[in-house]
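To start, the structure under review is shown below, and the notes come after it.
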Amino acid sequence: MVTRLDAKMFDSEAENTWCPGCGDFAILRSLKMALTDLDIAPHEALVVSGIGCGSKLPDYMHVNGYMTMHGRPLPVATGAKLANPDLQVIVVDGDGDAYGIGGNHFLHSCRRNPNITHIVEDNQIYGLTKGQYSPTSDLGFVTTTSPDGAIERSLLPVAVAIAAGATFIARTFAGDPRHMAAVIAEAIKHQGYSLVDVLQPCVTFNRVNTYDWYRQRVYKLEDDYDPTDLDAARARAYEWADRIPLGVIYRNDEVQTYEEQVLPLKAGSPLASTLKLQAEPAPGQYEPLKEQFL
Amino acid sequence: MIVEMAPQSTNDLSIMIGGDAGQGVESSGAGFALALARAGLHVFALQDYRSRIRGGHNFYQVRVGERPLYSHRDPVELLLALTPQSIPLHLHNMQEGAAVIFPQKWEDVDVSHLTKHGLKVDRLPLMEIAERHGSRLMLNTAVLAAASALTGFPLKYMEQVIRENFGRKSEELADTNAAVAQEAYDVTLDHFGDSFPHRIKPIEGAPKRMLMHGNEAIAFGALAGGCRFISAYPMTPATSIIEWLSAVPDDYGMVTKHAEDEIAAVCMALGASYTGARAMTATSGGGFSLMVEAMGLSGMTEVPLVIVEAQRGGPSTGLPTRTEQSDLLFMVHASQGEFPRIITAPGTIEQCFEAGWRAFNLADKYQCPVVVATDQALAANLRSLDMDTVDPEAVEIDRGATLTPDDVDTLSEEYRRFRFSDDGISPRAMPGRETAVLTVPSDEHDEHGHINEEPEVRIRMMQKRMQKLKTAEAEIKPPLLYGPEDADLTLVTWGSTTGNCLDAADEINAAGGSANVLQFIDIWPMPVDPVRHALDRCRRKVAVEQNYTGQLALLIRMTTGVAMDDVLTKYDGRPFSPREIIEGVGMEVASGNKA
Chain A
71 MVTRLDAKMF
81 DSEAENTWCP
91 GCGDFAILRS
101 LKMALTDLDI
111 APHEALVVSG
121 IGCGSKLPDY
131 MHVNGYMTMH
141 GRPLPVATGA
151 KLANPDLQVI
161 VVDGDGDAYG
171 IGGNHFLHSC
181 RRNPNITHIV
191 EDNQIYGLTK
201 GQYSPTSDLG
211 FVTTTSPDGA
221 IERSLLPVAV
231 AIAAGATFIA
241 RTFAGDPRHM
251 AAVIAEAIKH
261 QGYSLVDVLQ
271 PCVTFNRVNT
281 YDWYRQRVYK
291 LEDDYDPTDL
301 DAARARAYEW
311 ADRIPLGVIY
321 RNDEVQTYEE
331 QVLPLKAGSP
341 LASTLKLQAE
351 PAPGQYEPLK
361 EQFL
Chain B
668 MIVEMAPQST
678 NDLSIMIGGD
688 AGQGVESSGA
698 GFALALARAG
708 LHVFALQDYR
718 SRIRGGHNFY
728 QVRVGERPLY
738 SHRDPVELLL
748 ALTPQSIPLH
758 LHNMQEGAAV
768 IFPQKWEDVD
778 VSHLTKHGLK
788 VDRLPLMEIA
798 ERHGSRLMLN
808 TAVLAAASAL
818 TGFPLKYMEQ
828 VIRENFGRKS
838 EELADTNAAV
848 AQEAYDVTLD
858 HFGDSFPHRI
868 KPIEGAPKRM
878 LMHGNEAIAF
888 GALAGGCRFI
898 SAYPMTPATS
908 IIEWLSAVPD
918 DYGMVTKHAE
928 DEIAAVCMAL
938 GASYTGARAM
948 TATSGGGFSL
958 MVEAMGLSGM
968 TEVPLVIVEA
978 QRGGPSTGLP
988 TRTEQSDLLF
998 MVHASQGEFP
1008 RIITAPGTIE
1018 QCFEAGWRAF
1028 NLADKYQCPV
1038 VVATDQALAA
1048 NLRSLDMDTV
1058 DPEAVEIDRG
1068 ATLTPDDVDT
1078 LSEEYRRFRF
1088 SDDGISPRAM
1098 PGRETAVLTV
1108 PSDEHDEHGH
1118 INEEPEVRIR
1128 MMQKRMQKLK
1138 TAEAEIKPPL
1148 LYGPEDADLT
1158 LVTWGSTTGN
1168 CLDAADEINA
1178 AGGSANVLQF
1188 IDIWPMPVDP
1198 VRHALDRCRR
1208 KVAVEQNYTG
1218 QLALLIRMTT
1228 GVAMDDVLTK
1238 YDGRPFSPRE
1248 IIEGVGMEVA
1258 SGNKA
């Protein structure tokens, strides 16, 4: 595919502070590759992040970005998409953001189906706060806040997303940047909410779920796997301990996006309306609304 | 029902409708108010209800007059009882010589007891009329019509409202209710003629008047100010803001989002605002508590944000349907760290309309959160307004240093989102153009928006952001003085209490006293010099507030060093009546707190 873009356009001058070997480097590279392949320029995309190591990604990339609060990038992204549907909106956050503190937004984004892509850097640990167990940490996982081993069962994000009504659910692995770029590109192309759960080793604080740990367990979904088969997807969603599926696990292209169903958007986006009024206020249009108070 | 010759009056009357939730107390009260407004009269209507859908006593109070009214008035001249319990419950609200309208079926009502209280009561077959036409649910219709007959108010106004209300359900229901109304009207007129001394007389040729509450005025103002996005989570008493905007016809392009919680609501508004749209959220204190962190995000990332905070009784769930002004200091200090914010507190419906659009100008110009602080009484109580008091023609859209895509295309140098400047304001681009790709971080950052913790950058960025508050001071409204400049008594107040104070001051002055009202509208940043100047000229300064601690008085003292002479507070969730204020300032101050 010939595009106008070069992945270098996305390079940022900011100093990168990730640990050497961090899975986030590969995610950053894959996202740039995916956008380049899809011919989406830095000014056409908006990357919204939460808080955590991986959420510094917008700083390390030349792109429109909003680095928000812990757990809150999804609603910020949803508002941005509703106000300006022309922006290609991508959320990048971590397992603590998406599945812990922001869990409510995750659930409702799944059923709401805004046309945004959600990349979760899932390293099964809180890295930036130096190693506490996360919603996806496995039972028995020893950290500073679980010194006797985690006694909560881990959340299965793919299963939750299916139950909550997500229309595109994929998993990929930071140890395989090519697979990751392809999956992210598919997710961006999907019309609706797309979840990409990325297995992303934290080389400093997670000494259990290492690159090797994942490599021994991950496998790519078979060529004849049908992601539109809900029952098949449910079965794969629960695979975790010994075998972990990678690829597009579920997709449903029959559901309208949230924005497509918002009737006032047909009159123009909030941004377009605001700009129009800014250029030429039209006070006369409000007179009819006064009638209802009579 | 009385026939005693109490003082006579025309178009100067308060009416109370009492009943159970689910009996149509609210629709009857609002209907009565609308009928009066259409008859050319001025109206103030107050709703008092509990946090439940069915059962529990509710009441509605409608005051009518020939000049603009700013508060309710106790005691009332007429009680319309939809339940027997309403009568003893409101005995203390009744004027000597007041009338009580209730169905004769309620044999348990102790007429002699009421008579002892100066109320001569008679029985009317209102329930029988309702039942004969098919349902006792139509008692409220019968009672409204009886009130019409009693006060000499032509039935046609009430009938029109009744027909409109029920016509939405079915024509048949509208006809039946109209028949109930006619019969109840005739029975009442036969019985009492024109013996009731308080009369309601339509004013022929009076201008058309709107009946509006503060939430509607804010929502309308926001729409007229170019707001095209609101995300909110239902919370009394703020809910009617998103409801009103959701009902705006789709061709206005008003996008409304009922979010999953208040955190999502405020974050969606921030996301929309980041793109350059005018966006808002609305909530009450509990929801605002959840929005606090995002308010700081707005401050740090300099993304404009408009939050309406309609206060209710706290703490926690508190008094969900009742009024209070106890979040003021919270709003001033909410969220960690220091950043500029603007708090504006309209006190009248007209001011609510203005605050609705002006908040967006302030947010755009100073790129910070703007809180429109109201309270339940202002948010929900209805007032009649002349048509031109809500004037979309007068709305100015001023976006300050907001760069449109066209502006961005013609930038002469590299764009820096957080560029240092003398006034603290950095031109804000909208994303979407090649020449201004912008990242805004919640971390401290440099001019380009890259995360940066170097001391010199931090210091300059803090100074830049805080400078905006100084710059904003030039257009911050000083407190408004109403009444004689050299009054002996100044009622210092804010929010809905302004209206109660205005009526109280009028009564004091009419009785030969000397009082004025000093209303604080823009509360943060505190306009220190004008406030000092205004307070210097006051003799006795009494802060009148619906809270326990006298928060405005504390804030004035904190920022100006000027202390009030007294603080009159009320925290039972019910708005001050003018009489309570007059008694409060004349006697010992209720809470005993001094600012």
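Chains A and B are the protein sequences, given in the same order. So the first sequence is numbered by this note's numbering: it starts at 71 and just counts up by one. So the second sequence is numbered by this note's numbering: it starts at 668 and just counts up by one. Beta carbons: idealized from backbone N, C-alpha and C, even for Gly. This one's a predicted model, so the numbers in the text were calculated from it and none came from an experiment.
C-beta atoms of residue i and residue j nearer than 8 Å
i, j, result
"I1223(B)", "A1171(B)", "no"
"G1067(B)", "F1006(B)", "no"
"V228(A)", "D282(A)", "no"
"S940(B)", "V915(B)", "no"
"C1019(B)", "I908(B)", "no"
"V159(A)", "K151(A)", "yes"
"G149(A)", "G938(B)", "yes"
"E920(B)", "L157(A)", "A quick correction: the sequence has Gly, not Glu, at residue 920(B). No."
"P334(A)", "V922(B)", "yes"
"L225(A)", "P205(A)", "yes"
"A766(B)", "L817(B)", "yes"
"A813(B)", "V847(B)", "no"
"Q771(B)", "P742(B)", "no"
"A944(B)", "T138(A)", "no"
"L745(B)", "I682(B)", "yes"
"D686(B)", "T750(B)", "It should be pointed out that residue 686(B) corresponds to Gly in this sequence rather than to Asp. A contact, by the Cβ cut-off of 8 Å."
"A1046(B)", "G881(B)", "yes"
"V318(A)", "E256(A)", "yes"
"Q1186(B)", "L1235(B)", "no"
"R1086(B)", "S1093(B)", "yes"
Burial state of residue i, where buried means 16 or more other Cβ atoms lie within 10 Å
i, result
"V1256(B)", "Per-residue confidence for V1256(B) stands at a pLDDT of 34, beneath the threshold of 50, marking its modelled position as unreliable; no derived number is given."
"K126(A)", "buried"
"G1259(B)", "Residue placement at G1259(B) is flagged as unreliable, the pLDDT there being 37, under the threshold of 50; the coordinate-derived value follows with that caveat. When all chains shown are included, G1259(B) counts as exposed."
"D1153(B)", "exposed"
"R740(B)", "buried"
"M668(B)", "Legend: pLDDT at M668(B) = 43, less than 50; position of this residue unreliable, no value from coordinates given."
"Y289(A)", "exposed"
"G164(A)", "buried"
"D918(B)", "exposed"
"Q675(B)", "exposed"
"P217(A)", "exposed"
"T87(A)", "exposed"
"I221(A)", "exposed"
"G1269(B)", "What is shown of chain B runs 668 to 1262, which leaves residue 1269(B) out entirely."
"S837(B)", "exposed"
Anticipated Cβ contact below 8 Å, residue i with residue j, distance rounded
i, j, result
"L1158(B)", "V1184(B)", "5 Å"
"G1023(B)", "I1188(B)", "Contact flag wrong, Cβ pair sits at about 14 Å."
"G1213(B)", "Q992(B)", "It is Gln, not Gly, that sits at residue 1213(B) in the sequence shown. Q1213(B) to Q992(B), Cβ: 4 Å. Contact."
"T1069(B)", "V1037(B)", "Their Cβ separation, rounded to whole angstroms, is 14 Å, which puts T1069(B) and V1037(B) out of contact at 8 Å."
"V133(A)", "P112(A)", "5 Å"
"P904(B)", "A977(B)", "5 Å"
Exercise. Just by C-beta distance, which residues in the stretch 223–257 of chain A are closer than 8 Å to chain B?
Worked result: none
For this session: Flag this pair as touching only if the stretch 347–354 of chain A and the stretch 1057–1064 of chain B have three or more C-beta atom pairs under 8 Å; answer yes or no.
Result: Segment contact: the stretch 347–354 of chain A against the stretch 1057–1064 of chain B, three or more CB-CB distances shorter than 8 Å; contact assigned.
Exercise. What are the residues of the stretch 945–959 of chain B that lie near chain A, defined by any Cβ-Cβ distance shorter than 9 Å?
Worked result: R945 and A946
Exercise. Would you call the stretch 127–145 of chain A and the stretch 160–170 of chain A touching, i.e. three or more CB-CB distances under 8 Å?
Worked result: Contact between the stretch 127–145 of chain A and the stretch 160–170 of chain A is present, because at least three Cβ pairs lie under 8 Å.
Exercise. How about the stretch 780–787 of chain B and the stretch 826–842 of chain B: do they share at least three Cβ pairs that are nearer than 8 Å?
Worked result: no
Exercise. Does the stretch 342–351 of chain A come close enough to the stretch 1048–1057 of chain B to have 3 or more Cβ pairs within less than 8 Å?
Worked result: no
Exercise. At a cut of 8 Å, does the stretch 987–1006 of chain B reach the stretch 947–958 of chain B through at least three beta carbon pairs?
Worked result: yes
Exercise. Just checking, does the stretch 198–214 of chain A make contact with the stretch 180–189 of chain A on the three C-beta pairs under 8 Å criterion?
Worked result: no
Problem set entry | Any 3 or more C-beta pairs closer than 8 Å across the stretch 703–712 of chain B and the stretch 730–741 of chain B | Per the Cβ contact rule, the stretch 703–712 of chain B is in contact with the stretch 730–741 of chain B (3 or more Cβ pairs under 8 Å).
Problem set entry | Inter-stretch contact at 8 Å, needing at least 3 Cβ pairs: the stretch 261–280 of chain A / the stretch 82–100 of chain A | Cβ pair count under 8 Å is three or more, so yes.
Problem set entry | Near-chain B residues of the stretch 153–187 of chain A (beta-carbon distance less than 7 Å), N- to C-terminal order | A153, N154, D156, L157, N174, H175 and H178
Exercise. What residues in the stretch 867–884 of chain B bring their beta carbon closer than 7 Å to a beta carbon of chain A?
Worked result: K875, M877, L878 and M879
Exercise. In chain order, what residues of the stretch 255–280 of chain A put their CB closer than 7 Å to some CB of chain B?
Worked result: none
Problem set entry | Selection of the stretch 123–149 of chain A by Cβ proximity to chain B, strictly under 9 Å | K126, P128, D129, M131, H132, V133, N134, G135, Y136, M137, T138, M139, H140, G141, R142, P143, L144, P145, V146, A147, T148 and G149
Problem set entry | chain B contacts from the stretch 194–218 of chain A (Cβ-Cβ distance under 8 Å) | Cβ contacts with chain B: none found.
Exercise. Quick one: any contact between the stretch 1122–1133 of chain B and the stretch 976–985 of chain B, if contact means 3 or more CB pairs under 8 Å?
Worked result: no
For this session: Please name the residues in the stretch 956–980 of chain B whose beta-carbon is closer than 9 Å to at least one beta-carbon of chain A, in chain order.
Result: E960, A961, G963, L964, T968 and V970
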